[in-house]
Structure formats: C-alpha cells, structure tokens
Amino acid sequence: MSSSTLLSRRDLAFLLYDWLDVTRLTDRPRYAEHSRDTFDAVLDLSAQVAAEHFATHNKAADATEPTVDGGRVRIIPQVKAALDVFAQTGLLSATMDEAVGGMQLPHAVAEACFAWFHAANVGTAAYPLLTRGNANLLLTHGSAEQIDTWVRPMVEGRFFGTMCLSEPQAGSSLADITTRATPQDDGTYRLAGTKMWISGGDHELAQNIVHLVLARIPGGPPGVKGISLFIVPKVLLDEDGRLGPRNDVVLIGLNHKLGYRGTTNTLLNFGEGVHRPYGRAGAVGYLVGEPHQGLAQMFHMMNEARIGVGAGATALGYTGYLKSLGYARQRPQGRPVADKDPTAPQVPIIAHPDVRRMLLAQKSYVEGALALILYCGRLLDEEKTAPAEADRTRARLLLDLLTPVAKSWPSQWCLAANDLAIQVHGGYGYTRDYDVEQHWRDNRLNPIHEGTHGIQALDLLGRKVTMRGGAGLELLLETIRATVTRAWKAEGFAAELAAPLGTAVDRIALVTRRLHGTGDPELTLANASLYLEAVGHVVIAWMWLEQVLAVEALGSPEGAEGEFLAGKRQAARYFFRYELPKTVVQFDLLDSLDRTTLDTREDWF
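Per numbering that gives the first Met the number 0, residue 0 is the first one in the sequence shown, and the count goes up by one each step.
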C-alpha cells in the first residue's frame, strides 16, 4: 500500500478488516453486493480524489477566504471543481439506499472513506458533510415528496444542504430561539427570523441550498417542546422541479474564523422582505413531519454531525502526525546526549527520545480516536442491519452513549496532537511554510462545533449515563469488561493492559453512582467536563486494548508488517503508561464532590 501524509492506508485496513471484520457484513442482504474488493476500490478512490482534488487547494482556500461582492459570495474556483469531482464519485450517498441512488456501503467503510477528505481539506469537505447529514435527516423524517424534491438533487450534488439552529441571542440555548413560522392557506409556512453560525449558508457552489431551519409555529408550547423543523430552500422550485424565484433568505454577512476558512460561515435573515417570493415578504418553508417535533428530528442530523466533527478532528490530528513524523525522519539536528564529539554528523531529530515521546503521544491519540470513530460506524451498521432486534437495540444504546465521547475526545486530544506536530517542527512549525499550523487552526474549531465540550459533558453525565435507568452505561462497562476478560485469557502483553483498564472501568461505575447520589443536580454536574475527559480516556484505552488483541491474533510477521504491528503495541503501551493513569487523579477529584468551581463567585474574578 502506498504511503500518504494524509492517512495511513495500512491502518485503515487493519481497523476495518483485521479488527472490525467488516467483510462479515457482506453476509447481510443490505451489503450482499459488496466484498472486500469493492470496499478497497472505494477507499482507494477516496484517497486518490482527496489527494488530487482536495489537498491541492487546502492552503489556497485558507489564504483566500470567501468574500461577499454585491450580495454574491466569491470562493476560489478550486473548491467547486473539487466538489464537482466528489459528486461524480457517488460518495455523497455512500450509505444510502439504492432506491435514492446510494451505494449501500457499510457506515464503517463510509467513515473511513470520508476521513480522507477531512484530512486533505476539512474546509471543502464540510459542504458534502453537511449535505449528507441534511439528506439523511430527510430520508428518515421527510415525506416521499420531500425526498424526491430535495434529497435526490442533493445525492446528485446539484443541491447542497445546511442546518440552521442557533440565533445571535440564543447561542447553544435552543429553548430561546425566536424564529417564527406562520402557517399559510396552501400548507406552506412563511418564516421570519435570524440564524447565526450557519456553515455553508450561502455560496454558488451548487444550484440551490436546502436549509433545514428550526422555528416556532405561533401558539406552540414554550421552550424546546415548541420547536418545529422546516425545509427552506434558497431558491424555490416550480411544479416541474425547475429552479424558480429566490426565496426570502438573505445573507447578512460572513463570519471570519480561525480555521475552516474555505467554508462559508454565515449570518442569515429569513423573511426580511429583500426578496418577495410570489409577491410578498416571508421565507417560504415546508414543515418536516409533525409540528413541535423539530428538535428531536434535528438531533438526527446533529448526532451524525457530532460524530462527523470527531472524525474531522481525528483526520486533522492524523495528517499532522504523519507530517511531523516525516519531518522528524528528515530533519538533522543535534547529536545523541552520550555523543560528546562535536564533529560527529548530526542525527535526524527522531533519534532524540523527547521527539519520539511527542510522536508516540500523537500516534496514541490519533490511532485511538480513529478506532473509536470507525467503531461507532460499525455500531451504526449493527443498529441498521443486525438480524436480531436485541442486537440492534444494544448497538443503538451503546452508540447513543458514545456519541458525546466520539465528538469531544478527538476534538480535544487530536488538537493536542496538532500542537505536538507543531512542536516537532520547531520554529518551522508555526510558519505558514508548513501545513501543521493550519491543521491546528482548523482543528481548534472542533471543540466548539456541534456543541462545546461543556454541552457534550452535560449530555453524557446528565442524560446519557442515566437513560433507561442507567442501561447505556451498564452496557458500556459490560462491553469493556468483556474485552478485559479476553485480554486476561490471551495472556502476554494484552494481559498486562487488562488490570489497569479493569480498575478504570470499576472507577467509572463507582464515581457515576457517587455523583448521581448527591441529590443536588448542580453539584452532580459541576465537574461534568472532567467526567467526560476521564471516561473518554478509558474508552480510548479500551480501543487500544481491542487493537492489541487484533495485533496478537495476527502473530509475528517479518518486515514492514512486523514493524507496523510493533508500532501498534508501542502506542498502546504509551497510552496505558502515560495517559490512562491521569484518570486516577480525575476520578479522585470527582469522587470528592469538589465544590471549587461551584462555589466560586462571579465577583471574585
């Protein structure tokens, strides 16, 4: 397999085939037309298109941000050219039904494919990522007519999609949104309001933009229970599906971001009257499903997007790691500390233990995170296609619990990997001559995208671990303990890692009971972010033990394959010796019910 500085093709093959055994899925009717050959072909196609059409304009899109000229958004032409090629691959509908033009690929394989595009150019990749999520939501909650009208053009790459949730005065508090949707005699609605932070909210990369907008129907209940979901296209369609008049959706301005600079991020006004479709003001919208179910429906897209954010963070960390690894192998500097001869030739910096420490840390973060993302994809495959309903339910429950971890852990620790990639490059790392500074800037957005760390932490500790009477948490702990048991039985290196992971799993159970036994919700949730980080580290340690078991099953081959497997073992050793022990202090602090942050008064700052 050819080497790449975007992702490791060998690592993807190991995770998909040697560990997750995705070829077994081809025994199921949905995937019966596939084989390892078709999986490899689409992975190779993804790697090729990402390298040739996405990576080639990554720095240009970063340096030349979108601008507004006379109300029109200007984007460098390479972005549209790349997206046109992407549309031709069919990857927009990789996991969708054949009936709507989909490939019916397993989700685990599709996540691996899309990781190439995240790594190559996360700004350009954001457009199809959002469009895919938009289409999947409508496939689940939309009517047959809405699917035919809006999803099929998105699958073909003619229309792109967005999600419009936040508003300037509400931020992440969706209970406070005020955009209203007034019902009309013809069954449509007219929307009026402002939406903020809308990625892909305006551009000319496609014929149309399909906005999914949260709004309130007058007379509905207050708070999140009164939110409905609407399709609000930028351009309306006539009865034959052809482009018609402009809808009353107006671009107010672009937000200028630290990273993801190639993705337009917009402030949009709906219904201000600049455009007057069919002779009057108001953005024409079409209700999705039943009234007042909008937030539950939007969570379909949000949860997909959260895992997508984690996947993007992982890919950015991974490409930064590979580039710093390549630099460390080529950059001569200094001599071993034991070599006192100043005339001796300099050695590549990878010869220095501290550089190897930074590389090992990156490797342990990014390869652990990639395993988690693909594992979540495999759970989605089980949820959709497992023959037994009990197995489908189990996969759904475990995926629900892992979603906040899959979003937040890579966003924190693969960003840390990018930080280390800059450090490995030394002074060159923070110059624009090298890619790693841009990867850090791009990745710094991901701890905020689709719900901050704090929001994910509240979701995990406040909702996910208590759902169904704690069944989700119990399932996670049971699943990790099963891996620990397998490791004990395997003996050798895997057994060495079993004891600390088993102890950490027990701490999760005890600390969770302690936190939820306070009777004080504020105290329970005061240190939720610390809980998320500690649980995340335990989950990644589990991912590493799973990989070690897969490595041990492959035996001891010689040559490059042997070196690859040895690298896996060493990264696992690093994570268990340097990272997992951090959770001991974190669990101790959580167990103490510390009130430091809770008792800090505003006027003390």
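Heads up, the beta-carbon is just placed ideally off N, CA and C, and yes, glycines get one too.
It should be emphasised that the depicted structure is a prediction, and the values quoted were computed from it without experimental measurement.
In this structure, P409 keeps its C-beta atom at 8 Å or more from the C-beta atom of G258. CA-to-CA, the gap between W115 and N264 works out to about 23 Å. The three-state reading of DSSP puts K79 in helix, counting H, G and I together. By the neighbour-count criterion, in which 16 or more other beta carbons inside 10 Å mark a residue as buried, S7 falls on the buried side.
A contact is defined here as three or more CB-CB pairs under 8 Å, and the stretch 75 to 83 fails this definition with respect to the stretch 330 to 349. Between P167 and M195, the gap from beta carbon to beta carbon is short of 8 Å. Between V154 and A134, the gap from beta carbon to beta carbon is short of 8 Å.
Of all alpha-carbon atoms in G199, I421, A493 and A533, the one lying nearest the alpha-carbon of K322 is that of I421.
Within its own chain, the residues whose Cβ lies closer than 8 Å to the Cβ of T66, once the five positions on either side in sequence are excluded, are V72, R73 and L253, listed in chain order. The Cβ atoms of V537 and V504 sit closer than 8 Å to each other.
In the displayed model, S363 falls within a helix according to three-state DSSP. The stretch 106 to 114 and the stretch 368 to 384 touch, with no fewer than 3 CB-CB distances between them shorter than 8 Å. Contact check between the stretch 172 to 191 and the stretch 31 to 40: fewer than three CB pairs, one atom from each, fall below 8 Å, which does not count as touching. In this structure, F492 and R568 form a Cβ contact; the two beta carbons are roughly 6 Å apart against a cut-off of 8 Å.
The continuous beta strand (DSSP E) containing M162 extends over residues F158 to C163. Within the DSSP bridge table, the entry for S227 names A214 as partners. Excluding its 5 nearest sequence neighbours in each direction, D418 has C-beta neighbours in its own chain below 7 Å: W439, listed in chain order. One Cα belongs to D201, the other to G468, and the distance between them is close to 44 Å. Here K581 is exposed. Its C-beta has fewer than 16 other C-beta atoms within 10 Å.
The shortest CA-to-CA distance from A280 to any of W487, V287, E271 and L14 is the one to E271. DSSP places T177 outside both helix and strand once states are collapsed to three, so it counts as coil. Contact between L524 and G461 holds, since their C-beta atoms are separated by about 5 Å, short of 8 Å. In the displayed model, G252 falls within a strand according to three-state DSSP. By the neighbour-count criterion, in which a residue is buried when 16 or more other Cβ atoms sit within 10 angstroms of its Cβ, F604 is exposed.
Taking A107 as the centre and dropping the five residues before and after it, the same chain places the C-beta of L15, L19, V21, L373, G376, R377 and D380 closer than 7 Å to its C-beta, in chain order. If the five residues before and after A93 are omitted, its C-beta is found closer than 6 Å to the C-beta atoms of M102, L104 and A109, all from its own chain and listed in chain order. In the structure shown, the three-state DSSP call for L266 is strand. Judged by their CB atoms, A368 and I507 are not nearer to each other than the 8 Å cut-off. Minimum Cα-Cα distance from R431 among the listed residues A59, D10 and S45 corresponds to A59. Of V404, E289, L579 and W487, the smallest CA-CA separation from T313 is found for V404.
Contact between the stretch 480 to 487 and the stretch 556 to 563 is absent: fewer than three C-beta pairs spanning the two stretches fall below 8 Å. Your pair G450 and K463 does not check out as a contact, with CB atoms roughly 13 Å apart and the cut at 8 Å. Secondary-structure assignment with DSSP links N207 through a beta bridge to F158. Counted as a single uninterrupted DSSP element, the beta strand (DSSP E) harbouring I197 occupies residues Y188 to S198.
Within the same chain, Cβ atoms closer than 7 Å to the Cβ of Q332 are found at Q345 and I348, the five residues on either side in sequence being excluded. Under the DSSP definition of a beta bridge, V283 partners with R189.
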